[in-house]
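Reviewing the structure listed below.
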């Protein structure tokens, strides 16, 4: 059961600060509860009134006749600690603070709540609306209809705006939650609950900021596998926002959600999601009675990376029989301006009979030959009666105002998405496409670059410690950080240091011309400010002149700056290469972030780069590159050796590994890396190191592969096996492993007859979130390669109170002690994580599993009538 169960299934509620004064929070909340028809106990608490809105009031919290599931505070902020303490003493588990103009939860309130296992929604929350419970405990002037969309918002104003629009469109909600400041209950908690709520099919989020990055990402990744999630992120250009907008873009996409850019897109997406079926593909057919609007629709489609459906010969022949001879046999299908209602119906039926498209956009401009309302009603009837209509996503664009308003209402009532403009209709379709792409990325089987040898990683860590010494921070330039970069197998252009112009000439003569001379100064972040980089110097006179000019400019512009000499480099062969800028920095919310862009003197990382969070594998690195190309952050030119995307992906994966393994890296700016085909050479880099105490993985928003759990074990038969956490790349091995498990063993594991595991099922088993789930695989190695011979799993609930375990052994390898080894491995993991208990379920006939569990200290509860046996072991 979800830890928020009573919040979403309340039977009794107390309103602290209830009032008879109109327009006060304490009055509005009670009025909404009464008008909404809540059938549970409503208990106003106030010493001022005997009754509030006709409901008996209680003078104090202590005098309440029963413990409410939820208490709503409609009082001044200074009273919060005292009231929360009184509610805790009574045993109340949920508090909603709806009073406005409050500045966060005080430390005292947080301590009281945590000590008493109490959860708080708010402060500055508009409240909570649960239409299926007829529960409206909010300050909203508008109630919500019953539906299957959950809405979570940090803004009260956005809540009321969405409610007003949704009621007009007859769109309902399963839950409507205003989290306010979200100091306790936040997005992660709510996503964990809503993803298992039977009334919720889709989730909408309006956010301004995430406070707990790892918590949010883990919850979002889990929820997006079962629910469609849309995010509207406000404050895209606010300078006081802690994180750049491009990071939120990356997080939302990587978590399998869909981002919309504004309220208009949000409304369009809601309407599309409410009535859409899962998109089979991305091919869109456009049917129109006007060429101009169809061209506008096509332009938007292409601008957003969409795809027009190709009409095959059979469909063209069929359409030609019901269209004028002058029609052009292409998509968009222009039925000509005199298209009648019957022509619309005939063409739509032909599209529904065909497999050329995955979605159909029907467009209508005001016409004397096809009345807007009549045509809409006829199409609704034709579509709904067609046996294949549920195979397609059907969208409509009825342009116009007065003449089209009733037609759009008819479509809405019939559950067919409708839009006022061609652009909004196509944008809505692309929401479905982008969502499908994000989901596909979430389920892709990744590959990885070759791993580094552990000795190289250890050498790199030792080097970093030696560089830092006792310093609070250490800034290193290309010459100084080259050793670290080489340990991670990066190619770095050789660099020498000169103290003055004469030494620069001597170095240049030694390494050969042409050369580059660059300023070294920790006080001047941008060398371009003083023209501190001079390239293609071809003789000693040019080197001496350039070196001295750099030093003179610095003395003039920055007389107090520390000068650490000059860097002298041989000129890389830049002809035919792409210069890229790659930066790693630590974000205040999301921790280490990798940025990729083209670079340049005016480079702004907030607008000129694409972002990704480590850890990266090859699939995620490719996605970052493709996003940078799509958004114009990388603008490749025609080169003799085009940049190899696979090579750049390997570079980014290696960089990600360095970030994960070396927590002391505060910032790394590579400007640039030169890409020639599959060769990538770092020409210039700046590195900032800072001491780091504690678990280096904790700073990452996404927990990386937990290498500390890798070990070798010897079985009873003397065979050595490798135990390690499962990897996404294990999908093919896992598929092969399942082939060696008997149907009977699979039935005992999954409690049903399972057929062949498809890609999605295997992805769910191998692409796990290490922060809340663990699977250990036992591997043997043969001349043909690695083989999985056993798997143990633990699915840990979000509050870490219970881990549900499962174990599966190859059916031909029982009796060699592998089951006990895997069980001890998962128990040890849960104990180290601090999980309160581990539990599992099997069949009473699975004697081997029951005896193993009993031997390891599990309590057994065998229920023969139900055909199940529960196993529980307390860990702490």
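In full-length UniProt numbering, the protein residues as written are 1 to 876.
Every residue gets a Cβ at the ideal spot worked out from N, C-alpha and C, and that includes glycine.
For residue 832, which three-state DSSP category applies? In the structure shown, residue 832 sits in a helix (DSSP, three-state: H, G or I).
Using the beta-carbon count (16 or more within 10 Å), is residue 79 buried or exposed? Per the 10 Å Cβ criterion, exposed.
Indicate the three-state DSSP secondary structure (helix, strand or coil) for residue 435 in the structure shown. DSSP places residue 435 in helix when its eight states are reduced to three.
For residue 273, the first and last residue of its enclosing alpha helix (DSSP H): Per DSSP, residue 273 belongs to the alpha helix (DSSP H) from 263-275.
Could you round the C-beta distance between residue 749 and residue 808 to whole angstroms and report it? I think they count as a contact, below 8 Å. In this structure residue 749 is in contact with residue 808, their Cβ atoms being roughly 5 Å apart against a cut-off of 8 Å.
Provide the residue span of the alpha helix (DSSP H) that contains residue 363, from first to last. If you look at residue 363, you'll find it isn't in any alpha helix (DSSP H); it sits in the beta strand (DSSP E) that goes 359-364.
Which class does residue 6 belong to by DSSP, given the choice of helix, strand or coil? Under the three-state reduction of DSSP, residue 6 is assigned to helix.
What residue does the beta strand (DSSP E) around residue 48 start on, and which one ends it? Looking at the DSSP string, residue 48 is not in any beta strand (DSSP E), and its letter there is neither H nor E.
Tell me whether residue 211 counts as near the ligand FAD, meaning its Cβ is closer than 7 Å to at least one heavy atom of that ligand. The ligand FAD is absent from the structure shown, which contains no ligands of any kind.
Between which two residues does the beta strand (DSSP E) holding residue 681 run? Its beta strand (DSSP E) spans residues 679-682.
From residue 189 to residue 71, what does the alpha carbon distance come to, in whole angstroms? When the Cα atoms are used, residue 189 and residue 71 turn out to be separated by approximately 19 Å.
Using 8 Å for Cβ pairs, my map puts residue 148 next to residue 199. What's the rounded Cβ distance? Right, the Cβ-Cβ distance comes to about 6 Å (below 8 Å), so this counts as a contact.
What residues are listed by DSSP as bridge partners for residue 686? DSSP output for residue 686 lists 669 as bridge partner(s).
Cβ contact check for the segment 514-523 and the segment 558-575: 3 or more pairs under 8 Å: Yes, they touch.
Do the CB positions of residue 378 and residue 341 come within less than 8 Å of each other? Less than 8 Å separates the beta-carbon of residue 378 from that of residue 341.
Per-residue burial, residue 16 [other beta carbons within 10 Å of its own, 16 or more giving buried]: A residue is called buried once 16 or more other Cβ atoms fall within 10 Å of its Cβ, and residue 16 is buried on that count.
Do three or more CB pairs link the segment 219-226 to the segment 384-402 at distances below 8 Å? Result no; under three Cβ-Cβ pairs closer than 8 Å.
Identify every residue that forms a DSSP beta bridge with residue 395. Under DSSP, residue 395 shares a beta bridge with 361.
Are residue 878 and residue 845 close, meaning C-beta to C-beta below 8 Å? The structure shown does not extend to residue 878, since the chain is modelled only from 1 through 876, so no value can be given for it.
Over the uninterrupted alpha helix (DSSP H) stretch that includes residue 138, give me the two end residues. First-last for residue 138: 135-138, but that is the beta strand (DSSP E), not the alpha helix (DSSP H).
Alpha carbon to alpha carbon, how far is residue 8 from residue 45? Give it in angstroms, no decimals. The straight-line gap separating the alpha-carbon atoms of residue 45 and residue 8 is approximately 22 Å.
Tell me which same chain residues have a C-beta within less than 6 Å of the C-beta of residue 476, skipping the five on either side of it? Excluding sequence neighbours, residue 476 sits near 687.
Count Cβ pairs between the segment 633-648 and the segment 665-681 that sit closer than 8 Å; are there 3 or more? They touch, by the three-pair rule.
Between the Cα of residue 210 and the Cα atoms of 588, 779 and 856, which residue gives the shortest distance? Per the Cα distances, 588.
Residues that DSSP places opposite residue 780 in a beta bridge: DSSP, once it has assigned bridges, lists 787 as partnering residue 780.
Could you have a look at residue 816 and say whether DSSP puts it in helix, strand or coil? Secondary structure of residue 816 (DSSP, three-state): coil.
I'd like to confirm the pairing. Which residues does DSSP put opposite residue 767 in its beta bridges? Checking the DSSP bridge columns, you'll see residue 767 has no partner listed.
Rounded to a whole number of angstroms, what is the C-alpha to C-alpha distance between residue 637 and residue 580? For residue 637 and residue 580, the distance between alpha carbons rounds to 12 Å.
Counting only the same chain and skipping the five closest in sequence on each side, list residues whose C-beta sits under 8 Å from that of residue 492. So the qualifying residues of the chain are 478, 482, 485, 486, 681, 682 and 685.
Under a Cβ-count criterion, where at least 16 other Cβ atoms within 10 Å of its own Cβ denotes burial, should residue 292 be classed as buried or exposed? Looking at its Cβ environment, which holds fewer than 16 other Cβ atoms inside 10 Å, residue 292 is exposed.
Close-in-space but distant-in-sequence residues of the same chain around residue 414 (CB under 6 Å, 5 per side omitted): Only residues of its own chain outside the window of five on either side were considered, and among them 380 have a CB closer than 6 Å to the CB of residue 414, listed in chain order.
If you count every other CB in all the chains shown that lies within 10 Å of the CB of residue 435, and 16 or more means buried, which is it? Residue 435 comes out buried.
So which of 840, 853 and 875 has the shortest CA-CA distance to residue 868? Distances from the alpha-carbon of residue 868 to those of 840, 853 and 875 put 840 closest.
For the pair the segment 533-547 and the segment 500-516, tell me if three or more CB-CB distances fall below 8 Å. Contact between the segment 533-547 and the segment 500-516 is present, with at least three C-beta pairs closer than 8 Å.
Quick one, which of 75, 13, 814 and 282 has its alpha-carbon nearest residue 852's? When only C-alpha atoms are compared, the closest one is 814.
Host beta strand (DSSP E) of residue 603 (start-end): First-last for residue 603: undefined, no H or E at that position.
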